[in-house]
Structure formats: structure tokens, C-alpha cells
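FYI, the numbering for the sequence shown is 0 to 102, going by numbering that gives the first Met the number 0. First comes the structure, then the notes that go with it.
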Amino acid sequence: MNGEGGGFGKDDGDVGELLRIELDDSGGEITEVEAYGVLQALKWLRSMRCSKVIIETDCKVVVDSLHSQKVDMSEFGMVICQCKELLVLEQDFSVRFVRRQAK
């Protein structure tokens, strides 16, 4: 792992829990890695039967692609397509852009 990663939170009532995932981006572009991270988070949260989920990412390209009607046949586009399919099934799940904070 090279340290690229992301996080997502699971809110149990009034207690939020931040979970961090680390992604290995050695095999692709950072946008593909970010999209794959969102996909894995969606799958995991769905398997946990979570509801009212908001996934936040600092990758604007991923969020814009999720809200776009444009068809992308690239590997990135296929991951985005899988994310969109899960978001249709889980209508109380959403993905939104948040600006990265300086460390």
C-alpha cells in the first residue's frame, strides 16, 4: 500500500463511526482507485444493511461521473456504472464531494 486511502462513516443513531480504507493504487489511475473505493464501500454498506448513507470523497471526478448521464466504456466507467447500479438499488445512499483539508 502506498498510503492512498479514503474513509467513510457509519452512523448508528447519534454516534458516528469513521472507518478508513486503504487502497493500493499501483495498478491504475487515482480516479479509478477512488471509484473502486466508493464501489467497495457501497457493497460493504449494502451487505451490512445500512440505511441513510452518505459517502464523502475528495475526488470530484468520481462524484461528477456518478451524477452524469454520459456513458464511459473505460475501466473507470465500468466501475462508475456498478456504483450507479448500487445507488439505484439503495436510494437512501448518496455520494458527495468534499474538499480535501490541508494537513
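The beta-carbon is built from N, C-alpha and C at its ideal position, and this holds for glycine as well.
| Item | Value |
| --- | --- |
| Would you mind listing the alpha helix (DSSP H) stretches within the region 16-91 that are 4+ residues and don't spill past its ends, in chain order? | 29-46, 59-65, 74-88 |
| Whole angstroms are fine: how far does the CA of residue 32 sit from the CA of residue 72? | 16 Å |
| So what's residue 94 in DSSP terms, helix, strand or just coil? | strand |
| Just to confirm, are residue 60 and residue 92 a CB contact at a threshold of 9 Å? | no |
| In its own chain, which residues sit with a C-beta less than 7 Å from the C-beta of residue 78, not counting the 5 before and 5 after it? | 31, 34, 35, 38 |
| Tell me which same chain residues have a C-beta within less than 8 Å of the C-beta of residue 86, skipping the five on either side of it? | 41, 65, 92, 93, 94 |
| Excluding sequence positions up to five away, which residues of its chain have a Cβ less than 8 Å from the Cβ of residue 97? | 55, 56, 57 |
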